[in-house]
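Those sequence lines, one after another, are chains B and U. Start counting the first sequence at 1; every next residue gets the next number (my numbering). Start counting the second sequence at 117; every next residue gets the next number (my numbering). All C-beta atoms, glycine included, are put in the ideal place defined by N, C-alpha and C. Note that the structure is a prediction, hence the values are computed from the model and not measured.
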Amino acid sequence: DTGVSQDPRHKITKRGQNVTFRCDPISEHNRLYWYRQTLGQGPEFLTYFQNEAQLEKSRLLSDRFSAERPKGSFSTLEIQRTEQGDSAMYLCASSLGWAGGVGEQYFGPGTRLTVT
Amino acid sequence: KQEVTQIPAALSVPEGENLVLNCSFTDSAIYNLQWFRQDPGKGLTSLLLIQSSQREQTSGRLNASLDKSSGRSTLYIAASQPGDSATYLCAVGSGGGADGLTFGKGTHLIIQP
Chain B
1 DTGVSQDPRH KITKRGQNVT FRCDPISEHN RLYWYRQTLG QGPEFLTYFQ
51 NEAQLEKSRL LSDRFSAERP KGSFSTLEIQ RTEQGDSAMY LCASSLGWAG
101 GVGEQYFGPG TRLTVT
Chain U
117 KQEVTQIPAA LSVPEGENLV LNCSFTDSAI YNLQWFRQDP GKGLTSLLLI
167 QSSQREQTSG RLNASLDKSS GRSTLYIAAS QPGDSATYLC AVGSGGGADG
217 LTFGKGTHLI IQP
């Protein structure tokens with residue numbers, strides 16, 4: 001396993017369209033995170049899974065955003081009715097977690113979304 | 117709400133110099149702190165992870181320290197090289213691991229050949 005992978009790497013879509021991104025974490029990692037990064041800013045946390053359970057959602061994650069992690073493996077992030085403000089880099093990360101602690105987060109290369 | 121600040125925002129130094137990047141955070145109830153580098157248009161590469169019970173971590177020319185009580189961390193880079201040019205991001209984990217990492221805006225570092 002060579003690390004976290006994301007697909008697609010780039011996505012251009014028109015306002016109002018739906019888009020879906022995929023993340024494949026490091027295989028033995030039980031925790032998976034989604035972040036969003038805009039130009040000149042650090043990444044901002046969106047949501048988090050432990051195995052297949054979505055345990056935390058940021059207030060940044062509006063009702064147009066939905067994430068899933070079926071069977072605790074890969075994850076998808078869907079944005080419905082995209083807006084120009086959704087243009088950003090969407091980053092996925094994974095880590096090992098255990099009772100009382102969490103390990104290093106490893107990030108994928110990101111999906112750059114441009115909404116025209 | 118956790119806030120992370122990185123100083124300076126940008127730094128340009130000649131090759132070979134030792135340098136220090138600073139990170140401060142407002143809530144000392146963290147479980148770990150990570151330093152990353154990010155090259156333009158790319159994802160994040162993890163450099164060092166410091167658990168809350170640790171004071172420092174070292175990897176090659178990099179050394180990161182953590183003073184949880186004062187809400188500060190530093191990343192020391194020894195004998196800088198042009199390949200070290202990148203944006204360096206500090207991120208803290210809090211909330212029992214469920215809240216994800218809170219990032220600073222980064223320090224944009226340029227090493228002049």
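Could you give the distance in angstroms between the alpha-carbon of serine 189(U) and the alpha-carbon of serine 162(U)?
If you take the alpha carbons of serine 189(U) and serine 162(U), they lie about 16 Å apart.
Endpoints, the beta strand (DSSP E) within which threonine 76(B) is located:
For threonine 76(B), the uninterrupted beta strand (DSSP E) run begins and ends at 75-79, by DSSP.
Mind checking the segment 140-166 of chain U against chain B and listing, in chain order, the residues whose C-beta falls within less than 8 Å of any C-beta there?
Per Cβ criterion, the list reads Tyr147, Asn148, Gln150, Phe152, Gly157, Lys158, Gly159, Leu160, Thr161, Ser162, Leu165.
Neighbourhood of valine 19(B) by C-beta distance below 8 Å, restricted to the same chain and skipping five residues each side
Within the same chain, valine 19(B) has close Cβ partners Lys11, Thr13, Glu78, Ile79, Thr82, Leu113.
Residues of chain B with CB under 9 Å from lysine 221(U), in chain order?
What lysine 221(U) touches in chain B: Gly40, Gln41, Gly42.
Could you tell me if isoleucine 166(U) is buried or exposed, where buried requires 16 or more neighbouring beta carbons within 10 angstroms of its beta carbon?
Buried, since its Cβ has 16 or more Cβ neighbours within 10 Å.
Any beta carbon of chain U sitting closer than 8 Å to that of valine 102(B)?
Output row for valine 102(B): interface = yes.
Range covered by the beta strand (DSSP E) that runs through valine 115(B)
Run containing valine 115(B): 111-115, per the beta strand (DSSP E) assignment.
According to DSSP, which residues form a beta bridge with proline 130(U)?
Looking at the DSSP output, proline 130(U) bridges to Gln228(U).
Got a sec, what are the start and stop residues for the beta strand (DSSP E) isoleucine 123(U) sits in?
The continuous beta strand (DSSP E) containing isoleucine 123(U) extends over residues 120-123.
Pull out every residue of the segment 174-187 of chain U whose Cβ sits closer than 7 Å to any Cβ of chain B, in chain order.
For the segment 174-187 of chain U, there are no residues whose beta carbon sits under 7 Å from a beta carbon of chain B.
Output the distance between the C-alpha atoms of glutamine 98(B) and leucine 55(B), rounded to the nearest integer angstrom.
Note that residue 98(B) is tryptophan in the sequence shown, not glutamine. Going by the C-alpha atoms only, they are around 15 Å apart.
Starting from the C-beta of glutamine 17(B), find all residues in its chain whose C-beta is less than 6 Å away, skip the five residues before and the five after it, and write them out in chain order.
Correct list, in chain order: Thr82.
Do isoleucine 227(U) and valine 129(U) have their C-beta atoms closer together than 8 Å?
Cβ distance < 8 Å, so isoleucine 227(U) and valine 129(U) count as in contact.
Along the chain, where does the beta strand (DSSP E) containing leucine 149(U) start, and where does it finish?
From DSSP, the beta strand (DSSP E) with leucine 149(U) extends over 146-154.
Neighbouring residues, chain B, relative to glycine 209(U) (Cβ below 9 Å)
Residues of chain B with a Cβ closer than 9 Å to the Cβ of glycine 209(U) are, in chain order, Val102, Gln105.
What's the gap between the Cα of glutamate 131(U) and the Cα of cysteine 206(U)?
Spanning the two alpha carbons is a distance of roughly 23 Å.
Would you identify the three-state DSSP class for aspartate 86(B), choosing helix, strand or coil?
In this structure, aspartate 86(B) counts as helix in the three-state DSSP scheme.
Should proline 8(B) be labelled buried (16 or more other beta-carbon atoms within 10 Å of its own) or exposed?
Classification for proline 8(B): exposed.
Are the Cβ atoms of arginine 22(B) and phenylalanine 74(B) separated by less than 8 Å?
If you check the CB distance, arginine 22(B) and phenylalanine 74(B) come in under 8 Å.
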